[in-house]
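To start, the structure under review is shown below, and the notes come after it.
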Amino acid sequence: MMTDEELEALLTDLESDRVERKESLSDSAAGKIRQAVCAMANDLPDHRQPGVIFVGEKDSGGGSGLAITDQLLQNLAAMRSDGTILPFPVLIVSKKVLSGRTLAVVEVHPSDSPPVRVDGRVWIRVGPRRATATAEEERRLNEKRRARDLPHDLHPLRHASLRDLDLNLFRTTCLPAAVAPEVLEENNRSLEQQLASLRFVTPETIPVPTVVGMLVLGMTPTHFIPGAYVQFLRLNGTDLADGLVDEKKILGPLPDAIRRLEEVFTANIHMAIDLHSSPLEIRRPDYPMAALQQLARNAIMHRDYDTSHAPVLVYWFADRIEIHNPGGPFGHVTRENFGQPGITDYRNPNLAEAMKSLGFVQRFGVGIRMARKAMLENGNPEIEFDVRPNHVMSTLRRRP
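With our numbering applied, the sequence shown corresponds to residues 1 to 400, in that order.
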């Protein structure tokens with residue numbers, strides 16, 4: 001339970017979106033209290049702290065003089081399990097004396113299984129008021145639930161089989177990269193057991209590929225995960241409407257796709273030769289390869305493979321490169337702390353592990369920092385990030 005000091009601080013904060021005030025428990029007020037419970041349980045702003053409903057308090061502040069009886073407290077507590085709010089919210093009802101007035105206090109804890117509904121409607125907090133959730137907001141709540149459950153990259157693909165995986169790639173590349181040589185030498189496990197140990201298939205009698213298994217080893221991953229590719233466009237100007245110079249759709253299992261994407265980067269980087277500022281010839285690219293590698297791999301690792309069928313997009317303009325990731329901040333990462341040192345979380349933790357084993361990630365949580373450093377050392381402007389709830393665009397400006 002929250003302390004009286006914490007409750008008093010919320011009581012006096014008229015702007016907080018974690019607070020609802022109700023003067024009474026009339027029939028109309030009871031419906032709005034249920035909506036408030038639902039919205040706080042959904043915790044769309046991701047406060048990860050309880051919301052509080054003060055009953056007996058005016059919207060503008062100050063007590064309404066409502067008598068806080070045992071019956072009123074029982075009626076509030078009954079809202080938890082009367083079947084109107086589903087799944088059942090976690091709430092604590094108590095009688096408190098705060099700032100010299102007696103109130104009924106309802107603490108609502110964030111749900112582990114959002115979205116929570118009242119009579120089939122999903123309610124959320126939008127600043128200091130309630131609103132019904134849009135389809136996109138419901139999608140974000142669904143993703144929050146998955147963040148607490150089995151990661152999406154471990155979900156089984158029931159329509160796929162081992163025939164859809166490149167098992168030679170597994171034997172020659174993935175298995176040696178992930179398992180120590182001495183372990184492999186004494187390893188008597190079957191191929192299915194080896195695949196399951198790296199979570200590329202389910203640990204079942206008849207195993208099926210997981211999402212991460214299909215992404216890393218799939219012959220044609222897009223047959224099962226439609227957005228699992230990178231679309232590259234080279235434009236002749238500074239706008240998408242300008243002439244198209246080159247277009248590539250980069251498909252296939254992850255090791256091959258990343259290698260081909262980086263070959264495309266290398267072919268498009270322009271190398272300037274400086275013969276004047278030093279006795280030695282200086283070659284400097286218009287974009288550092290290290291920055292492109294880090295940001296493209298970051299997009300592949302962190303994108304949303306579940307609810308988005310969009311690919312990772314790379315637009316190479318005359319003056320800049322845009323890398324579009326169809327997956328917004330996840331878990332501990334928010335729009336406000338995106339890119340800050342030490343702040344990281346993984347929508348696809350098993351894909352991240354596989355990419356690290358394969359050498360596409362040196363250390364977790366430093367990709368953006370490495371990209372920024374590479375741009376700075378090459379003389380490029382600072383990387384720009386446009387962070388949205390379900391999309392991140394990284395913009396790299398050409399070196400002057």
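Yeah, the Cβ is synthetic: ideal placement off N, Cα and C, and Gly gets one too.
Source: prediction; values computed, not measured.
Residue burial classification, residue i (beta-carbon count within 10 angstroms, cutoff 16)
i	result
Ser26	exposed
Thr210	buried
Asp344	The sequence as given places Thr at residue 344; Asp does not occur at that position. Buried is the call here.
Gly62	exposed
Gln194	buried
Gly83	exposed
Gly213	buried
Asn188	exposed
Asn298	buried
Ser190	exposed
Pro203	exposed
Glu20	buried
Ile405	Because the chain in this structure spans residues 1 to 400, residue 405 falls outside the shown range and cannot be described.
Ala267	exposed
Ser60	exposed
Lys22	buried
Leu141	buried
Asp70	exposed
When the options are compared against residue i, the one with the closest alpha-carbon
i	options	result
Val201	Leu157, Arg34, Val312	Leu157
Leu98	Ala77, Thr12, Val122, Asn42	Thr12
Ala352	Gln340, Pro341, Phe338, Gly367	Gly367
Lys248	Asp286, Thr238, Glu263	Glu263
Lys373	Leu295, Leu191, Thr84, Ser113	Leu295
Leu215	Asp239, Leu191, Pro181, Ala257	Ala257
Val37	Gly51, His47, Asp46	Gly51
Leu72	Ser60, Ser24, Val118	Ser24
His324	Trp316, Ile53, Arg101	Trp316
Ile206	Arg163, Phe265, His391	Arg163
Leu44	Arg399, Leu254, Glu143, Leu244	Glu143
Pro400	Asn378, Arg129, Gly359	Asn378
Leu313	Phe170, Gln231, Gly127	Gln231
Phe224	Pro285, Pro151, His155, Glu322	His155
Tyr287	His302, His270, Val183	His270
Glu322	Ala228, Ala267, Val387	Val387
Leu165	Ile250, Arg80, Leu217, Leu251	Leu217
Gly359	Trp123, Arg34, Leu376, Cys174	Cys174
Met79	Ser60, Leu66, Thr102, Lys32	Lys32
Leu167	Ala196, Arg121, Pro329, Ala272	Ala196
Thr132	Lys22, Leu10, Glu185, Val122	Val122
Pro311	Ala267, Phe265, Gly252	Gly252
Ser111	Arg363, Met393, Phe88	Phe88
Glu138	Arg335, Pro176, Thr307	Thr307
Glu5	Gly100, Asp70, Ile68, Leu76	Gly100
Phe54	Ala180, Glu384, Asp246, Ile68	Ile68
Endpoints, beta strand (DSSP E) assigned at residue i
i	result
Val19	19 to 22
Thr132	129 to 132
Leu244	244 to 250
Arg260	No beta strand (DSSP E) contains Arg260, which is instead part of the alpha helix (DSSP H) from 254 to 268.
Leu235	230 to 235
Glu322	320 to 325
Ser394	391 to 397
Val314	312 to 316
Val122	121 to 126
N- and C-terminal bounds of the alpha helix (DSSP H) containing residue i
i	result
Leu347	Note on residue identity: the sequence assigns Arg, not Leu, to residue 347. No alpha helix (DSSP H) contains Arg347, which DSSP labels as neither H nor E.
Gly51	Looking at the DSSP string, Gly51 is not in any alpha helix (DSSP H); the run it does join, the beta strand (DSSP E), is 51 to 55.
Val211	211 to 217
Val361	First-last for Val361: undefined, no H or E at that position.
Lys32	27 to 42
Arg297	289 to 302
Gln423	For residue 423 there is no data in the structure shown, the boundaries of the chain being 1 and 400.
Leu195	191 to 197
Ala177	175 to 178
Leu184	181 to 185
Asp4	4 to 11
Inter-residue CB distance, residue i and residue j (contact presumed, cutoff 8 Å)
i	j	result
Ala371	Ala291	4 Å
Glu456	Met219	This structure leaves residue 456 out entirely; the chain is present only between 1 and 400.
Lys96	Leu7	6 Å
Val118	Ile85	5 Å
Ala135	Leu235	No, Ala135 and Leu235 are not in contact; Cβ-Cβ is about 32 Å, not under 8 Å.
Arg369	Pro381	So it is not a contact: roughly 17 Å between Cβ atoms.
Ala29	Val116	Incorrect: roughly 20 Å between the Cβ atoms, too far for contact.
Gly339	His302	The Cβ separation is near 12 Å, so there is no contact.
Val105	Ala160	Not quite, the Cβ-Cβ distance comes to about 51 Å (not below 8 Å), so this is no contact.
His152	Tyr305	7 Å
Pro389	His309	Wrong, their Cβ atoms sit about 17 Å apart, outside the cutoff.
Gly408	Thr3	With the chain covering only 1 through 400, there is no way to say anything about residue 408.
Minimum Cβ-Cβ distance from residue i to chain B less than 8 Å
i	result
Gln294	The structure shown contains no chain B; it is built from a single protein chain.
Distance cut-off 7 Å: residue i Cβ against heavy atoms of the ligand FMN
i	result
Ala352	Only the bare structure without any ligand can be found here, which leaves the ligand FMN out of the picture.
_So within the segment 60 to 116, which uninterrupted alpha helix (DSSP H) runs reach at least 4 residues, ignoring any that extend past its ends?_
70 to 78
*Can you list, in chain order, the stretches of the alpha helix (DSSP H) that have 4 or more residues and sit fully within the segment 364 to 389?*
367 to 378
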